[in-house]
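Chains as they are written, first to last, in my numbering: chain A, 3 to 323; chain B, 3 to 323. Have a look at the structure below before the remarks.
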């Protein structure tokens with residue numbers, strides 16, 4: 003197992019054929035965008051390649067496989083994209099572990115499991131790596147390949163909003179627009195589309211909103227009952243903890259999630275430099291300065307009261323009026 | 003009144019001094035970003051310039067005037083930015099109409115009111131024009147000026163999501179990131195922050211949601227009572243009509259807004275090529291293919307029923323199961 007340069011990966015790919023390209027389990031826009039883009043690049047070079055989707059391809063991702071009918075061949079070469087460890091191969095682990103030739107990834111903590119690993123944590127998305135790879139290989143991308151790469155870039159950056167976006171990210175996106183990629187539609191489908199279940203859970207989350215300490219603390223909750231009634235799955239609950247922090251003037255957004263009876267996972271998201279991890283540590287939790295969590299036990303109201311009291315205390319000295 | 007090239011505007015600005023820079027009324031991120039950026043550029047050239055904010059500078063926009071104390075001088079030159087007509091000067095019209103030397107704008111329908119007008123509708127935001135101007139003037143932007151320009155670009159493109167984004171837009175954004183602009187914070191404050199009133203009105207809008215025709219039609223409403231109770235102003239209601247269309251699988255998002263007793267403004271937003279204007283024309287309204295409106299009279303329930311029936315009919319032939 004070696005760490006490889008992108009140029010070495012490019013040489014390897016040119017000299018091999020009959021590819022299975024693996025995504026990580028619960029595949030998202032970046033692993034899928036990477037896989038389908040690489041598949042198109044290899045096929046456009048005259049090679050045979052298939053994407054092995056590691057789970058269900060959600061409806062909004064189906065366009066990625068446009069004009070890519072599955073080919074029938076004996077796999078000789080295995081490439082994984084955006085897969086940070088063998089564990090993330092999930093159900094594919096049994097078949098492919100020990101057989102992965104190349105891993106192309108952008109995670110900081112990649113645990114090598116392939117013969118050659120290219121890892122570039124500076125890339126906001128792994129699709130940036132695929133784009134760079136195409137350049138080294140001297141390949142001009144077609145419109146559909148540009149769509150695949152843009153999809154991964156868009157999903158891993160919150161539609162170019164997050165702090166992982168670099169000037170290079172934006173320059174690559176510009177090139178993809180030049181190549182005719184369907185940027186506005188992809189942005190809308192990836193970032194502005196919500197499932198009915200998500201809408202229902204958001205509605206209930208907003209109904210639970212209480213504001214404290216001159217609107218500097220916002221508290222929302224979800225219960226097992228709410229999740230069940232809305233039909234929300236884990237994907238639908240993704241990012242729910244950010245809702246309370248979005249409110250203008252809020253320093254601390256608190257989200258209390260019922261995990262089981264009398265057990266609550268509390269997520270804190272903070273603005274203006276309030277240390278979320280420090281507050282959560284008081285309850286045996288931890289995390290980052292702006293995003294932390296802890297688990298509390300008791301009734302919903304008791305848990306909220308305890309957390310709000312700790313937040314008020316944290317704000318007291320400097321901010322709270 | 004003449005149409006000018008950007009290079010002519012650059013020459014004019016170099017050869018004059020003592021600037022009042024005007025924004026449009028109800029100033030948004032683009033007019034303010036343009037004005038404060040231009041003010042910084044002119045001051046950095048050793049000139050005197052003030053921004054005349056045309057209304058209230060909202061709290062989230064206050065950072066734009068950082069390190070720009072108001073200067074005391076007799077105004078000799080007037081520049082307006084992102085102001086498409088004299089009417090949009092609002093309260094400033096009386097003092098400045100007939101005195102505006104230069105107008106820099108990106109609206110398609112600019113009605114000239116200045117001695118020299120530069121109008122570039124290809125620019126997604128007017129801040130793109132200011133950035134291009136700075137290049138022609140040979141000025142290197144400092145970090146705070148880059149922040150101002152990025153703010154306008156971000157607000158007028160829905161954080162780089164809309165179809166008005168071009169490859170040039172993204173390349174300019176990349177340069178601004180290179181200049182150290184605070185992109186992630188600006189994105190968050192412009193696109194991911196909601197007022198308490200907005201949160202309250204969204205909550206009520208989601209509570210009003212009904213789905214029809216196998217979830218292909220989503221209907222929400224706002225009432226005068228809801229607006230009053232939430233404390234929402236026009237800014238808070240901005241974009242409310244997009245909520246119903248965001249739901250996965252929805253072809254037609256309908257938003258019914260009570261304007262006065264028994265009078266409702268109906269906004270349609272459509273996906274997948276459904277012609278919104280055609281549906282609205284049946285009620286004497288109109289608009290674009292994907293965004294149209296009409297006014298209906300009667301009870302809220304009657305109005306909804308009529309609109310849903312028209313939408314169902316439109317979907318019937320092709321889409322509705």
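Glycine included, C-beta positions come from ideal geometry on N, C-alpha and C.
Check	Outcome
Taking C-beta pairs closer than 9 Å, name the residues in chain B that residue 65(A) reaches, listed in chain order.	Residues of chain B passing the Cβ test: none, with the nearest at roughly 13 Å.
Shortest alpha-carbon distance to residue 32(A) belongs to which of 144(A), 192(A), 120(A) and 18(A)?	192(A)
Anything in chain B within Cβ reach of residue 249(A), meaning under 9 Å, just list it in chain order.	195, 196, 197, 198, 200 and 201
Tell me which residues share the same chain as residue 69(A) and place their Cβ nearer than 7 Å to its Cβ, disregarding the 5 neighbours each side in the sequence.	146
With a cut-off of 8 Å, do at least 3 Cβ pairs link the region 15-29 of chain B to the region 47-62 of chain B?	yes
Within a Cβ cutoff of 8 Å, which residues of the same chain sit near residue 317(A), ignoring the five residues on either side of it in sequence?	215, 218, 219, 253, 254 and 276
Can you give me the Cβ contacts of residue 261(A) inside the same chain, cut-off strictly under 7 Å, excluding the 5 residues immediately before and after it?	267
Against chain B, with Cβ distances strictly below 8 Å, would residue 95(A) count as a contact?	no
Nearest to residue 174(B) by alpha carbon, out of 199(B), 212(B), 58(B) and 131(B)?	131(B)
Using a threshold of 8 Å, state whether the C-beta atoms of residue 161(A) and residue 189(A) are closer than that.	yes
Between the beta-carbon of residue 4(B) and the beta-carbon of residue 118(B), is there less than 8 Å?	yes
Establish whether the CB of residue 169(B) and some CB of chain A are separated by less than 8 Å.	yes
Any Cβ of chain B within less than 8 Å of the Cβ of residue 186(A)?	yes
Please name the residues in the region 205-236 of chain A whose beta-carbon is closer than 8 Å to at least one beta-carbon of chain B, in chain order.	205, 208, 209, 211, 213 and 217
Is the number of C-beta pairs between the region 95-111 of chain A and the region 56-66 of chain A that are closer than 8 Å three or more?	no
Can you tell me the Cα-Cα spacing of residue 57(A) and residue 28(A), whole angstroms?	6 Å
Excluding the 5 residues preceding and the 5 following residue 323(B) in the sequence, name in chain order all residues of the same chain whose CB lies nearer than 6 Å to its CB.	Any reading at residue 323(B) needs caution, since the residue's pLDDT is 45, under 50, leaving its predicted position unreliable; the model's value is listed next. Cβ neighbours of residue 323(B) beyond the five flanking positions: 216.
Which same chain residues, not among the five before or five after residue 41(B), have their C-beta less than 8 Å away from its C-beta?	21, 23, 51, 52, 53 and 70
Per DSSP, residue 52(A) is paired with what?	22(A)
Alpha carbon to alpha carbon, what distance is there between residue 258(B) and residue 91(B)?	31 Å
What does a CB cutoff of less than 8 Å around residue 305(A) pick up in its chain, not counting 5 residues either side in sequence?	258, 266, 268, 298 and 299
How many angstroms separate the CA atom of residue 314(A) from the CA atom of residue 148(A)?	49 Å
Taking Cβ positions, are residue 165(A) and residue 186(B) nearer each other than 8 Å?	yes
Helix, strand or coil: how does DSSP classify residue 140(B) here?	coil
With a threshold of 8 Å on Cβ separation, who are the neighbours of residue 99(B) within its own chain once the five nearest residues in sequence on each side are excluded?	88, 91 and 115
Indicate the three-state DSSP secondary structure (helix, strand or coil) for residue 323(A) in the structure shown.	Only weak support is given to the placement of residue 323(A): the predicted model assigns it a pLDDT of 45, under 50, and the value that follows is read from those uncertain coordinates. In this structure, residue 323(A) counts as coil in the three-state DSSP scheme.
Among 280(A), 224(A), 35(A) and 95(A), whose alpha-carbon lies nearest the alpha-carbon of residue 263(A)?	224(A)
Strictly below 8 Å CB to CB, what residues from chain B border residue 172(A)?	172, 173, 175, 176 and 179
Mind pulling the chain B residues with CB within less than 7 Å of residue 165(A)?	186
I'd like to know whether the C-beta atoms of residue 181(B) and residue 135(B) end up nearer to each other than 8 Å.	no
Tell me the rounded alpha-carbon separation between residue 312(B) and residue 285(B).	10 Å
Could you tell me whether the Cβ atoms of residue 242(A) and residue 281(A) are closer together than 8 Å?	no
Looking at C-alpha atoms only, which residue of 83(B), 287(B) and 293(B) is the closest neighbour of residue 127(B)?	83(B)
Considering Cα atoms alone, identify which of 11(A), 159(A) and 271(A) is closest to residue 104(A).	11(A)
How about residue 248(B) and residue 228(B): do their beta carbons lie closer than 8 Å?	no
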